[in-house]
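Numbering (our numbering), first residue to last: 1 to 80.
Taking it in order: structure first as structure tokens, then the write-up.
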Amino acid sequence: MSIAGYIIGGLMLVLSILIILIVLGQQGRRSGIGAVSGVADSLFSKNKARDVDSKLARMTKYFALGFFVLAVVANIIIFF
């Protein structure tokens, strides 16, 4: 394997770990579960959570796209 293959493999490993950590950091899509358990969210904390979740979702999409592009590039390098 060439040096480029090792670099791309290392980048893919880092991206995959980042994707796992970001997905684990996101909140679930359970709406209304706080009302059942007795936890009341204030308006500020609710909007803050949505803002953080939207940033994490956007980061997940970008990292997944980067991982996909690196996988395609790695396959091109292997065959040529």
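Heads up, the beta-carbon is just placed ideally off N, CA and C, and yes, glycines get one too.
Keep in mind it's a predicted model, so treat the numbers as computed, not measured.
Could you tell me whether the Cβ atoms of residue i and residue j are closer together than 7 Å?
i	j	result
Ile19	Phe80	no
Tell me which same chain residues have a C-beta within less than 8 Å of the C-beta of residue i, skipping the five on either side of it?
i	result
Val73	Ile8
Ile97	Past the edges of the chain, shown from 1 to 80, lies residue 97, and the structure says nothing about it.
Phe68	none
Asn75	none
Asn12	Note that residue 12 corresponds to Met in the displayed sequence, not to Asn. These residues qualify, in order along the chain: Phe67, Leu70, Ala71, Ala74.
State the Cα-Cα distance for the pair residue i and residue j, rounded to the nearest angstrom.
i	j	result
Ser16	Ala71	11 Å
Ala4	Val14	15 Å
Check for me: the alpha helix (DSSP H) holding residue i runs from which residue to which?
i	result
Ser16	3-25
Could you tell me how far apart the beta carbons of residue i and residue j are, in whole angstroms, since I believe they sit closer than 8 Å?
i	j	result
Gly25	Leu56	6 Å
Asp27	Asp53	Sequence inspection shows Gln at residue 27; the Asp mentioned does not correspond to that position. That belief holds up - the Cβ atoms of Gln27 and Asp53 are roughly 6 Å apart, short of 8 Å.
Tell me which residues share the same chain as residue i and place their Cβ nearer than 6 Å to its Cβ, disregarding the 5 neighbours each side in the sequence.
i	result
Ile22	Leu56, Met59, Thr60
Gly66	Leu15
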